[in-house]
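Numbered per my numbering, the sequence shown spans residues 1127 to 1354. Structure first, then comments.
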Amino acid sequence: MTITLITGANKGIGYETARQLLALGHVVYVGARDAERGAKAAAELGARSVRLDVTDDASVRDALAEIDSAEGRLDVLVNNAGVLGHGAMDGPTALKTFDTNAVGVVRVTEAALPLLRRSANPTVVTVSSSAGSFWAVTNPDRPEYSLPLALYSASKAAATMLTVQYAKSQPGIRFNAVEPGTTATDLTAAFGVGRTPEESARVVVRLATLGPDGPTGTFQDEHGEVSW
Ligand SMILES: NC(=O)c1ccc[n+]([C@@H]2O[C@H](COP(=O)([O-])OP(=O)(O)OC[C@H]3O[C@@H](n4cnc5c(N)ncnc54)[C@H](OP(=O)(O)O)[C@@H]3O)[C@@H](O)[C@H]2O)c1
């Protein structure tokens, strides 16, 4: 039995990742900051739900404690929760964007580490973005070049860097970052772009189901490694 926690899994790519991992036989905890939305999604999927707001230390601690007492370990963590952080370019918006997209990864990962260390094949996947790739945003041939999302890009660059740093400091656990592909979700609704969450979740699932010999410290999309 593989025990999996996905943050921000009440909708979008996280929800579809939950569906696909459940189909592969995982026990999936749908993390959601709103308990009701989480419970509804989990009931639809046949998953378990746990209240988890990645910007709230106590909520993160309680969520991992709940999984610890029910399962005694965690095999797969998917750091998926994220916000776009568009609108005002100011301190409060920057704090909220970084708090969710980067600090949230630290909060959840730190709380999960003791449980992951009890797994035979521990894996962490952080859903980052190619909008956080220096290579992509400085390449005029790439769509990320003209994305007007400075805070999102900067916070995702931090999320990818955290992945690399965790891979180095935690050699017994695989850490990989993923660009899932442009996807039509509530996050991108204002742009009217993207493919289905089902297609993008497959990219996340591939990294969440790596065997013990799989890579660590990489940043990948569906084609393989993405330049930093
Ligand atoms: N869509 C794309 O094209 C695309 C491309 C590259 C990367 N990504 C990344 O993929 C991930 C999923 O995005 P999505 O497109 O599926 O967007 P989405 O449909 O808006 O889903 C985002 C999820 O994150 C949750 N969330 C936001 N803040 C949270 C918090 N403080 N604590 C816990 N959960 C929180 C949301 O919960 P609520 O329902 O409560 O708001 C929701 O469940 C994000 O990290 C995003 O940056 C998306």
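Even glycine gets a Cβ: it sits at the ideal position worked out from N, Cα and C.
So what does residue i bridge to, in DSSP terms?
{"i": "Q1346", "result": "V1304, E1351"}
{"i": "I1299", "result": "Answer is none; I1299 lacks a bridge partner."}
{"i": "S1175", "result": "V1156"}
{"i": "R1321", "result": "T1309"}
{"i": "I1132", "result": "V1156, V1204"}
Report the rounded CA-to-CA distance for residue i versus residue j, giving the unit in angstroms.
{"i": "M1215", "j": "L1277", "result": "8 Å"}
{"i": "P1297", "j": "L1203", "result": "16 Å"}
{"i": "W1354", "j": "F1301", "result": "15 Å"}
{"i": "R1187", "j": "G1258", "result": "28 Å"}
{"i": "T1082", "j": "T1314", "result": "Coverage of the chain is limited to positions 1127 through 1354, which leaves residue 1082 absent and any answer about it impossible."}
{"i": "V1329", "j": "A1184", "result": "31 Å"}
{"i": "V1319", "j": "E1270", "result": "13 Å"}
{"i": "R1145", "j": "I1299", "result": "24 Å"}
{"i": "T1181", "j": "V1209", "result": "11 Å"}
{"i": "V1331", "j": "T1219", "result": "31 Å"}
{"i": "T1252", "j": "D1179", "result": "16 Å"}
{"i": "E1162", "j": "A1189", "result": "15 Å"}
{"i": "V1231", "j": "A1196", "result": "23 Å"}
{"i": "P1229", "j": "A1285", "result": "It should be noted that the sequence gives Val, not Pro, for residue 1229. Straight-line Cα distance between these residues: approximately 8 Å."}
{"i": "L1241", "j": "P1266", "result": "43 Å"}
{"i": "E1324", "j": "A1283", "result": "25 Å"}
{"i": "V1250", "j": "A1191", "result": "18 Å"}
{"i": "S1366", "j": "H1152", "result": "Since the first residue shown for the chain is 1127 and the last is 1354, residue 1366 is missing from the structure and cannot be characterised."}
{"i": "P1248", "j": "D1194", "result": "15 Å"}
{"i": "L1336", "j": "G1350", "result": "14 Å"}
{"i": "R1233", "j": "S1272", "result": "31 Å"}
{"i": "V1150", "j": "Y1141", "result": "In the sequence under discussion, the amino acid at residue 1150 is Leu, which differs from the Val named in the question. Going from the Cα of L1150 to the Cα of Y1141 covers about 15 Å."}
{"i": "G1198", "j": "R1268", "result": "44 Å"}
{"i": "S1295", "j": "K1222", "result": "27 Å"}
{"i": "F1224", "j": "R1243", "result": "27 Å"}
{"i": "L1239", "j": "D1160", "result": "24 Å"}
{"i": "T1311", "j": "S1256", "result": "17 Å"}
Report back the beta-carbon spacing between residue i and residue j to the nearest angstrom; my notes put them in contact at under 8 Å.
{"i": "L1200", "j": "L1131", "result": "6 Å"}
{"i": "T1309", "j": "I1139", "result": "6 Å"}
{"i": "D1347", "j": "G1307", "result": "7 Å"}
{"i": "R1174", "j": "Y1155", "result": "5 Å"}
{"i": "F1345", "j": "S1254", "result": "7 Å"}
{"i": "T1133", "j": "N1205", "result": "6 Å"}
{"i": "L1333", "j": "V1304", "result": "5 Å"}
{"i": "A1327", "j": "T1143", "result": "4 Å"}
{"i": "H1212", "j": "L1275", "result": "6 Å"}
{"i": "A1207", "j": "T1226", "result": "6 Å"}
{"i": "A1158", "j": "A1169", "result": "Their Cβ separation, rounded to whole angstroms, is 12 Å, which puts A1158 and A1169 out of contact at 8 Å."}
{"i": "T1342", "j": "A1293", "result": "4 Å"}
{"i": "G1172", "j": "N1136", "result": "With 8 Å as the limit, G1172 and N1136 do not qualify as a contact, their Cβ atoms being about 14 Å apart."}
Output yes if chain D places a C-beta closer than 8 Å to the C-beta of residue i; else output no.
{"i": "L1178", "result": "The question asks about chain D, but that chain is absent: this structure has only one protein chain."}
Unbroken alpha helix (DSSP H) runs of length 4 or more, entirely within the segment 1194 to 1261: which are they? 1217 to 1224, 1230 to 1242
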